[in-house]
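A quick write-up on the structure given underneath.
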Amino acid sequence: MMECNPGIPWGGGDGMQLRARADRVWIGLILLALVSLIGFSLAGEPATYGGITFPHGDFAFADRVLGYLAASCVRDAYDNPIEALGPPDACGGCNGCHGCSTDAVALGFRLSELDLRGYLIVEFVDNVLSDVPGDDLFVYITNDKPCRVEISSDGGKFISVGETVGYPGGIDIAPYIGSGEEFRYVRLSDVPADEDHSECPGPSIDAVGAMGRAEVAREALGGLELQPVGELSTAVDWTPASILIILDASSSMSERIDGEMKIDIAKDVIYDLLANVPDNMIVGMRTFSGCGNSPVIAPIGPLDRAGLREEIAKIVPRSRTPIAYALEQAKDDFSRIAGKKLILLVTDGEETCGGDPVEAAEGLIAAGYDLRIQVVGFDIGQDSSTRDQLMKIAEVTGGLYLDASNKEELRRALSLSVPFSYTVYDQEGNAVYVGRLGDEGPKLPAGTYRVVIDTDPPIVLENVLISEEETTKITVERADGSYRVQVGG
-2 MMECNPGIPW GGGDGMQLRA RADRVWIGLI LLALVSLIGF SLAGEPATYG
48 GITFPHGDFA FADRVLGYLA ASCVRDAYDN PIEALGPPDA CGGCNGCHGC
98 STDAVALGFR LSELDLRGYL IVEFVDNVLS DVPGDDLFVY ITNDKPCRVE
148 ISSDGGKFIS VGETVGYPGG IDIAPYIGSG EEFRYVRLSD VPADEDHSEC
198 PGPSIDAVGA MGRAEVAREA LGGLELQPVG ELSTAVDWTP ASILIILDAS
248 SSMSERIDGE MKIDIAKDVI YDLLANVPDN MIVGMRTFSG CGNSPVIAPI
298 GPLDRAGLRE EIAKIVPRSR TPIAYALEQA KDDFSRIAGK KLILLVTDGE
348 ETCGGDPVEA AEGLIAAGYD LRIQVVGFDI GQDSSTRDQL MKIAEVTGGL
398 YLDASNKEEL RRALSLSVPF SYTVYDQEGN AVYVGRLGDE GPKLPAGTYR
448 VVIDTDPPIV LENVLISEEE TTKITVERAD GSYRVQVGG
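Each residue of the sequence shown is one higher than the one before, counting from -2 in the numbering used here.
Structure follows, in structure tokens:
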């Protein structure tokens, strides 16, 4: 088994790596902008790459990176996702190649399906992916490694369309879609256990092209951005790739607030939280109740709301409060999970099993995890020693401590930890984009849209106008227990 550094999300690494990668990204974006200005009149002309002719020329290729997470062993020279945008340019473009290239991005090596790293998500802005005669989607892979391919119309729910390999590897999407369906998003991922110890492990992606349809390449596009302000902005200054909820199920959680048991209040609020978490979030949960007892309710993995709700309903409070032990187990929970990690710790008391939860929190950071712990002290009251301990747990990881004395305050505290998702619908009622507050928004054809923000209750914005070559900005603020939204130009 190879010994390599764990995968990192796009933008991960230390300060020097961040600056170097940022420089590469900005240089790449500037060059792309210059090329597009110089070659705009020619971009729509047919062009041939690797023996495949695209009727819309360079408009056929992916325009924007929505997500990238490298799996094991990707070297710095091959971890820039911007290299997958635009037409093929590795090894002379149309000549093909059979190895690593700095003009491509490697997805990295996975041992098994349990490893959730090794993916790239790109978006077509000037084109769409639709069913045409023959192959519809082409992935230019420089190193002959197989690549798993999924497509989406909104960036939220993806459909698997098989695997491909080659420069290019072609995919016919017809067997997997309905008549007339169109897609703008492609997710590529590594096929586990295919590695041969190269410096660009997993598939090395140079370009992603779609045959599309000609008129889309000439549509007038505008932008949309949803930005949280005020206290909601704390949820987006550091957006996690995975979340572990740790809930206190000790005997004190059977006490009542306003006639309702604290454990039942916590369950209801967690149900609401899960309803608002984006569909593609990686989520897990464990509880603690009794020294040396911290059962996993759900292992960290793709969000399963129904399954989590069923398991949460079974929780019964009992015994003591082993916070340190629960945090120590979290080290194993995250062992196969890459990217930024968030622990939501909800407890109504301090450690009572003799452990040191602050030391346990420090141990997670010492293990190399890019992790924060957000701690909610539920019904702590005037117990300053408990509050001090819980604040220190959050502090040593760069997280937040929040007090909550009732159901509404607990709901508010948890809502500040995870950014809301939102969905954009066109005039026919079709979902055309799913995103999260604070993330870069979509480029959409000019027109009027309906935007639904997944707060509780949902915020529905009708007739949101997106104008050609302009960005419509929407701000979301929480104050006095409710949400305020402002739509600006």
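Ideal Cβ placement from N, Cα and C applies to all residues, glycine included.
| request: Taking V102 and I202 to be in contact with their CB atoms under 8 Å, please state how far apart those CB atoms are, rounded to whole angstroms. | output: Right, the Cβ-Cβ distance comes to about 5 Å (below 8 Å), so this counts as a contact.
| said: Using the three-state DSSP reduction, which class does N124 fall into: helix, strand or coil? | reply: coil
| field | Three-state class that DSSP yields for I390 in the structure shown | value | If DSSP states are grouped into helix, strand and coil, I390 belongs with the helices.
| field | DSSP-derived helix/strand/coil call for V22 | value | Below a pLDDT of 50, predicted positions are generally treated as unreliable, and V22, at 43, falls in that range; no measurement from the model is reported.
| query | Rounded to a whole number of angstroms, what is the C-alpha to C-alpha distance between A358 and A391? | reply | 8 Å
| Which first and last residues belong to the beta strand (DSSP E) in which S291 is found? | Per DSSP, S291 belongs to no beta strand (DSSP E) and is neither H nor E.
| request: Kindly list the residues whose CB is nearer than 8 Å to the CB of V482, restricted to its own chain and excluding five residues on each side of it in sequence; keep chain order. | output: Around V482: I450, I456, L458, I471, T472, V473 and E474.
| task | Using 10 angstroms around the beta-carbon of E120, count the other beta-carbons present and answer buried if the total reaches 16, otherwise exposed. | result | E120 is buried by the Cβ-count criterion.
| said: Looking at the secondary structure, which residues open and close the beta strand (DSSP E) in which L341 lies? | reply: K338 to T344
| query | Would a check of beta-carbon distances place V373 closer than 7 Å to chain D? | reply | As a matter of chain content, chain D is missing from the structure shown, which is built from one protein chain.
| task | Flag this pair as yes or no: are the beta carbons of A217 and E437 separated by less than 7 Å? | result | no
| Would you report the Cα separation of D133 and L185, rounded to the nearest angstrom? | 15 Å
| field | Run of the beta strand (DSSP E) containing K440, from where it starts to where it stops | value | K440 to P442
| query | Cα separation between F285 and D245? | reply | 6 Å
| Minimum C-alpha distance to E179 - residue among P237, S230, G395 and V429 | V429
| query | Are Y182 and S149 close, meaning C-beta to C-beta below 7 Å? | reply | yes
| request: Specify, as a first and last residue, the run of the beta strand (DSSP E) that V162 falls within. | output: Segment: none, V162 is in no beta strand (DSSP E) and carries neither H nor E.
| What's the call for S493, buried or exposed, on a 16-neighbour Cβ count within 10 Å? | The shown model of the chain, from -2 to 486, leaves out residue 493, and the question about it has no answer.
| Rounded separation between D261 and K311 - CA only | 11 Å
| task | State the DSSP-derived secondary structure class of Y116, mapped to helix, strand or coil. | result | Of the three classes helix, strand and coil, the one that applies to Y116 here is strand, per DSSP.
| message | By the three-class DSSP mapping on this structure, what secondary structure does F375 have? | response | strand
| Proximity to E307 [Cα-Cα], best of P319, R315, M282 and R317 | M282
| How big is the Cα-Cα spacing for S249 and H194? | 53 Å
| For D128, which of G175, T50 and D385 has the nearest alpha-carbon? | G175
| request: Might you give, ordered along the chain, the residues of its own chain that have their beta carbon closer than 8 Å to the beta carbon of R253, omitting 5 neighbours on each side? | output: K259
| Do you know offhand how far P43's Cα is from E147's? | Cα to Cα, the separation comes out at about 26 Å.
| said: Closer than 6 Å to a non-hydrogen atom of the ligand ATP - does that hold for the CB of I297? | reply: Ligands in the displayed structure: none, and consequently the ligand ATP is not present.
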